[in-house]
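The structure appears below as structure tokens.
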Amino acid sequence: MALGSDFTSIPVLDLSTLETNRQQLLSDLQDALINVGFFYVKGHGVNHKLLDELSSQTVKFFDLPLDEKLKVDKIHSPTFLGYSTQGNEITKGSKDNREQFDFANELPDTWDSNRPIYERLYGPNLWPAEALVPDFSTTISSFHREAQILAEQLTHLVSECLGLNPDKLLSEYIVAGQQNRAKLIKYPSIDQLHQHDGIQGV
Numbered sequence: 101m102a103l104g105s106d107f108t109s110i111p112v113l114d115l116s117t118l119e120t121n122r123q124q125l126l127s128d129l130q131d132a133l134i135n136v137g138f139f140y141v142k143g144h145g146v147n148h149k150l151l152d153e154l155s156s157q158t159v160k161f162f163d164l165p166l167d168e169k170l171k172v173d174k175i176h177s178p179t180f181l182g183y184s185t186q187g188n189e190i191t192k193g194s195k196d197n198r199e200q201f202d203f204a205n206e207l208p209d210t211w212d213s214n215r216p217i218y219e220r221l222y223g224p225n226l227w228p229a230e231a232l233v234p235d236f237s238t239t240i241s242s243f244h245r246e247a248q249i250l251a252e253q254l255t256h257l258v259s260e261c262l263g264l265n266p267d268k269l270l271s272e273y274i275v276a277g278q279q280n281r282a283k284l285i286k287y288p289s290i291d292q293l294h295q296h297d298g299i300q301g302v
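Start counting the sequence shown at 101; every next residue gets the next number (our numbering).
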């Protein structure tokens, strides 16, 4: 495939056309990967009611009093899953002005001192009390499962559009049962920032 010129818009790939126009979708995906580097996805099959509930639960969590959010601060978790306060993380010497909640597919805590120390990073999530944010963990976990299915579908399509066996990337580069992480993020409005905070979001 020849390299294209500079792109003027972010490609939007409609996965709902996979059955009716597979080759065009694969061609568009290849072009997005080689000539742009990223893309939007629509027609992805993730339940819209679930996405709405995810948004609602995210707002409810970040609206909790700080002392409640700090009870699930990732400092309490060897897996580094959980809450992080605004400005707690630093990128290139500057504060990242965001709050975040890191989560992953649930794994048991099976580590002991006879196992490699890096395996200490695999384990359970930290969740806020159910009474504070009812159905928070259920909603987030449901979304993660849906996103995982979508990610695997996209990985198959990436393999195929690059001329590989559709299973190639998943079978050779993805560890079965690994823990895949994501995060919920809240950025403050500019007028909420102090002068020493800077303007970096990341």
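Glycine residues also receive a C-beta, built at the ideal position from the N, C-alpha and C atoms.
What you are looking at is a predicted structure, and each value in this text was computed from that prediction instead of being measured.
| Item | Value |
| --- | --- |
| Would you check if the distance between the CB atom of Gly182 and the CB atom of Asp202 is smaller than 8 Å? | yes |
| Would you report the Cα separation of Phe139 and Thr179, rounded to the nearest angstrom? | 30 Å |
| May I ask you to report which of helix, strand or coil DSSP gives Ala251? | helix |
| Between Asn197, Arg220 and Ser194, which has its C-alpha nearest Ser177's C-alpha? | Arg220 |
| Between Gly223 and Glu230, what straight-line distance do the alpha-carbon atoms span, to the nearest angstrom? | 20 Å |
| Cα-Cα, which of Ser156, Tyr218 and Gln200 is closest to Asp166? | Note on identity: in this sequence residue 166 is Leu, with Asp being the wrong assignment. Nearest of Ser156, Tyr218 and Gln200 to Leu166, Cα basis: Gln200. |
| Roughly how far, in whole angstroms, is the beta-carbon of Leu226 from the beta-carbon of Val172, given that I think they are within contact range, below 8 Å? | 4 Å |
| Could you work out which residue in Ser237, Ser127 and Lys174 is closest to Gly263 when comparing CA atoms only? | Ser127 |
| Between Ile175, Val275 and Thr238, which lies nearest to Gly156 when the distance is taken from Cα to Cα? | According to the sequence provided, residue 156 is Ser. The question's Gly does not apply to it. Of the listed residues, the one whose Cα sits closest to Ser156 is Thr238. |
| Determine the closest residue to Asp152 out of Asp297, Ala282, Phe236 and Leu270, with distance taken between C-alpha atoms. | Phe236 |
| Using a Cβ-Cβ cutoff of less than 6 Å, which residues in the same chain neighbour Gly143 once the five nearest sequence positions on both sides are dropped? | Asp114, Leu115 and Ser116 |
| For Leu270 and His294, what's the separation of their Cα atoms in angstroms? | 45 Å |
| If you measure from the CB of Pro234, is any heavy atom of the ligand COA nearer than 7 Å? | Only the bare structure without any ligand can be found here, which leaves the ligand COA out of the picture. |
| Short of 8 Å in beta carbon distance, which residues of its chain neighbour Ile290, apart from the five on each side in sequence? Order them along the chain. | Ile299 |
| In terms of residue numbering, what span does the alpha helix (DSSP H) encompassing Arg281 cover? | Careful: Arg281 lies outside any alpha helix (DSSP H), inside the beta strand (DSSP E) at Arg281 to Lys286. |
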